[in-house]
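In our numbering, the protein residues as written are 80 to 412.
In what follows, a single structure is set out as structure tokens and then discussed.
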């Protein structure tokens, strides 16, 4: 594990497994905001008793924050290459180097090349002294000689003790759709329902707020997809702790936000009712098989695409009305 930290944040990155962020600690409160899955993390040591048709992502999922690439969502195929759930990069070891290390700023650069597809992904993560902002600067390159579709996104998932009943999801105006999950997980919202933030149709047909986090006893699980975002930011705020985590990203690259609301409802594999978490996930596509997505992004042979994303943690005693680059929160007084 590689640790990147300053006076306010401590970031733990598991370079040997997906360059997963497994710690996002706000040091003034000694509080790790990321969710930890109940199953043990055993990269390189655990061989599943049988391969899952959907892929190995969940077999090795520790919670925390993953980079999802080059496909997002269910197992799919790209130009004859079968890919499991959420693609390749979250299961591969990444190279790492110290890009900068001064009293004012520290930066780490992580690099991975996918195995079944010809992509390179470079992620530079940086912290400045006394700043509560973790910055990502990224580039993906198509190393192949043909144009290729790709799914790309970030999969940060927040959990207790930061996440609790009464937390709020604060974001700009957008369209919202209930997009899953499949299986027998109980939903709070009607399958396929559409609305505008913060309301969706509940199972009874009445409008239900999707921005209020219920207690674990809600026993529900929903994947909501937000599109037509007025601006590309989202904050999760704990009113009791008076603390918020905010994300801001590049809407040109990530026009969608997936919200994985797992409030005790995933009864089967792999959580068996033990998942109480909230994923706030910028993506370049809707959930679904990449091969079926008519509007999937395509990267031409030899071309690259660069983007940036920031995550910040700040005290917040009032609702967050915006998160801007550089980690500034505007709150409602």
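Glycine included, C-beta positions come from ideal geometry on N, C-alpha and C.
Everything numeric in this text was worked out from a predicted model, so none of it was measured.
Between the segment 263-270 and the segment 290-310 there are three or more C-beta pairs closer than 8 Å, enough to call the two in contact. Spanning the alpha carbons of residue 132 and residue 153 requires a straight line of approximately 10 Å.
In the displayed model, residue 169 falls within a helix according to three-state DSSP. Counting every other CB atom within 10 Å of its CB across the protein chains shown gives residue 194 a total below 16, marking it as exposed. Taken through DSSP and simplified to helix, strand or coil, residue 174 comes out as strand. Shown here for residue 277: same chain residues with a beta carbon closer than 7 Å to its own, the five before and five after excluded, namely 288, 289, 290 in chain order.
Looking at the DSSP output, residue 200 bridges to 191, 219.
Rounded to the nearest whole angstrom, the C-alpha separation of residue 214 and residue 245 is 28 Å.
Distance between residue 109 and residue 317, taken at the CA atoms: about 15 Å. Under the rule that a run must span 3 or more residues, the beta strand (DSSP E) segments found entirely inside the segment 285-312 read 286-288, 299-306.
Taking C-beta separations shorter than 7 Å and ignoring five residues to either side along the sequence, the partners of residue 228 in its chain run 157, 369, 375, 376, 377, following chain order. By the 16-neighbour rule on beta-carbons within 10 angstroms, residue 105 is buried.
For residue 157, the uninterrupted beta strand (DSSP E) run begins and ends at 155-157, by DSSP. Linking residue 282 to residue 258 through their CA atoms gives a straight-line distance of about 14 Å. DSSP places residue 278 within a strand segment (E or B) once states are collapsed to three. With at least 16 other beta carbons inside 10 angstroms of its own, residue 103 counts as buried. About 7 Å separates the Cβ atoms of residue 356 and residue 242, confirming a contact at the 8 Å cut-off.
When secondary structure is reduced to three states using DSSP, residue 388 falls in the strand class.
Just so you know, the alpha carbons of residue 307 and residue 341 end up roughly 24 Å apart. Exclusion of the five residues before and after residue 409 leaves 400, 401 as the residues of its chain whose Cβ lies within less than 6 Å of its Cβ. The residues 106, 211, in chain order, have a CB closer than 6 Å to that of residue 87 in the same chain once the five nearest residues on each side in sequence are set aside.
Residue environment for residue 159: exposed (fewer than 16 other C-beta atoms within 10 angstroms of its C-beta).
Rounded to the nearest angstrom, the gap between the Cα atoms of residue 183 and residue 85 is 9 Å. Beta bridge pairing from DSSP links residue 101 with no other residue. Judged by DSSP secondary structure, residue 247 falls within the beta strand (DSSP E) whose first and last residues are 247-249.
For residue 321, same chain residues with a beta-carbon under 7 Å away, outside a window of 5 residues either side, are 394, 395, 396 in chain order. With a beta-carbon spacing of about 25 Å, residue 362 and residue 117 fall beyond the 8 Å limit used to define contacts. 138 is the residue among 138, 123, 234, 122 whose C-alpha sits nearest the C-alpha of residue 129. Put simply, the backbone Cα of residue 149 is about 31 Å away from that of residue 292.
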